[in-house]
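Residue numbers (my numbering): 3 to 197.
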């Protein structure tokens, strides 16, 4: 009886394997390099250029604020020298010390405000950029799905994907159609004319 069960189990395993290989021969598989599509898509380049320009504007405003702070620091150095002048009377030194403290407080407040401004604007820009890039990736994914349905692919695998160990997920694909070039052409159809 035990041999009968073992023989039945072995026959079931062979039947399953043979059915699996006959089905696998009928699968239509494609690969795509999503990183390449993303990098070479005109919308990605346009968005990255737009965000670079916005970051440059933020940096310019930050530098202008920094210049104002540096001017205050120069004024503070001049005041400090005046306070240390032994020829000045005590009342003038006290007056200059108060002025020094007010300017120092103003410089600290301006620097704190500058850092908060820079952090706030940079974070907002990064979030906006992240959302924009996610939108572009979603658009690319939709194009891949539409193309795959049209071409009747059973599976489309991203060959640029990495495993948790940073090893390419796909090491080898036999008889898989690479649809990256075709999709690049499709994505380029709505690109603005180059000047």
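Even glycine gets a Cβ: it sits at the ideal position worked out from N, Cα and C.
To the nearest angstrom, how far is the alpha carbon of residue 68 from that of residue 163? 43 Å
Opposite residue 160 in the DSSP bridges: which residues? BP columns for residue 160 point to 34.
Restricting to runs no shorter than 4 residues, where is the alpha helix (DSSP H) found entirely within the segment 26-99? 36-42 and 44-86
Selected residue, minimal CA-CA separation from residue 189, among 66, 146 and 151: 146
Taking buried to mean at least 16 other C-beta atoms within 10 Å of its own C-beta, is residue 26 buried or exposed? Unreliable placement is indicated for residue 26, whose pLDDT of 48 sits below 50; the coordinate value is still reported in the next sentence. Exposed: under 16 other Cβ atoms inside 10 Å.
Buried or exposed: where does residue 104 fall if 16 or more other Cβ atoms within 10 Å of its Cβ makes it buried? Counting Cβ neighbours within 10 Å, residue 104 comes out exposed, since fewer than 16 surround it.
Label residue 183 either buried or exposed according to how many other C-beta atoms from any shown protein chain fall within 10 Å of its C-beta, with 16 as the threshold for buried. Exposed, because fewer than 16 other Cβ atoms sit within 10 Å of the Cβ of residue 183.
Candidates 125, 78, 94 and 138, of which the one nearest residue 110 by Cα: 78
Distance check for residue 106 and residue 46, CA to CA, integer angstroms please. 45 Å
Counting only beta-carbon atoms, is residue 164 nearer than 8 Å to chain D? Going by chain labels, chain D is absent from the structure shown, which holds only one protein chain.
For residue 179, I'd like the list of residues in its chain whose CB is within less than 6 Å of its CB, leaving aside the five on either flank, ordered along the chain. 32
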